[in-house]
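Chains as they are written, first to last, in the working numbering: chain A, 13 to 123; chain B, 31 to 146. Beta carbons are placed, not taken as given, at the ideal position from N, Cα and C, and that holds for glycine. Structure, as C-alpha cells:
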Amino acid sequence: GQSLEQPSEVTAVEGAIVQINCTYQTSGFYGLSWYQQHDGGAPTFLSYNALDGLEETGRFSSFLSRSDSYGYLLLQELQMKDSASYFCAVRGINYGQNFVFGPGTRLSVLP
Amino acid sequence: GAVVSQHPSRVICKSGTSVKIECRSLDFQATTMFWYRQFPKQSLMLMATSNEGSKATYEQGVEKDKFLINHASLTLSTLTVTSAHPEDSSFYICSANSPETRETQYFGPGTRLLVL
C-alpha cells in the first residue's frame, strides 16, 4: 500500500519562503508530484520529481529524497494568491496508473 | 497544457434522482480517466478508473451499481450517480493523464453536487 503525510496547515507572510513537507510509505513509485488547489477549484499540477534532487519552476521548487522517503515543495516570494491547499501525490509501480494523494496542506499567506 | 472540461459545474437534485456528470478531454485523447470525490477540507479520494472501451475499475468501498461510469470514446467519460442521497453530496472531479507524460494529471474544474 501507499500512504503520504503532510502538515495540515502552514502560515507565512507575503514575501517569505515556506517549505511544505511530504513523507511517504510506498512499496515503489515512479515519482512525487505536487498539486495546488484553491478553494472551490480543481487541483492544478505544479511540479514532479522522478529523480532525487531539486526541480525548480519559477517561484516553486520541489525536492525528492528516495532514501529518506521524503520530499518537499518550496515556495519563494510568497504572494497572497498562493493561499491554497497543496497536495503531494505518488503513482505506485504496483498500483497501475492510479495516483494516491496526501491529505493536503492548507497554506495561508498573511499580508 | 492539456485541457479537461467537466459539466455541469453545479447541480442540485432531489433525493432518489440520478445525476450524470460529463468529463471531456478537449485537445487530446485519453484512454484512461479518473474520477475523484472530495469532501470539504479533505484530500482527493479516487473512486474509479475509467477505461475507454472496457469496464471501469472501482476502488474498494465504492459501489459500482451506484456510481456508473461509461467511457465510450477517447475524449469522454461519464459518471452517473444513481438514486442520489444527501450523503452523496460532494465535489466530484475527473482527471486524465497528460499525453506527454503519465506523471501529470490534468483535472476538470469539478462538479459540486448537492442532494436535497
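Among the residues of chain B, none has a CB under 9 Å from the CB of arginine 78 of chain A; the nearest is roughly 15 Å distant.
Using beta-carbon distances, alanine 96 of chain A does not count as an interface residue toward chain B, since no partner is under 8 Å. The alpha-carbon separation between tryptophan 46 of chain A and threonine 47 of chain B amounts to approximately 36 Å.
Counting only Cβ-Cβ distances below 7 Å, glycine 138 of chain B has contacts in chain A at Ala54, in chain order. Contact residues of the segment 37–63 of chain B toward chain A are Thr62 (C-beta to C-beta distance below 9 Å). Taken through DSSP and simplified to helix, strand or coil, glutamate 52 of chain B comes out as strand. Of all residues in the segment 65–96 of chain B, only Tyr66, Gln68, Lys71, Gln72, Ser73, Leu74, Met75, Leu76, Thr79, Thr87, Glu89 place a beta-carbon less than 9 Å from a beta-carbon of chain A. Glutamate 117 of chain B sits in a helix when the DSSP states are folded into three classes. Between glutamine 48 of chain A and alanine 101 of chain A, the C-beta gap is not smaller than 8 Å, which leaves the two residues out of contact. The segment 63–78 of chain B makes contact with the segment 113–122 of chain B, as at least three CB pairs between them are under 8 Å. Of the other Cβ atoms in all chains shown, 16 or more fall within 10 Å of the Cβ of alanine 86 of chain B; this residue is therefore buried. Residue pairing of glycine 65 of chain A in beta bridges, as defined by DSSP: A:Leu76. Out of A:Asn61, A:Thr56, A:Asn110, the CA that lies nearest to the CA of serine 81 of chain A is found in A:Asn61.
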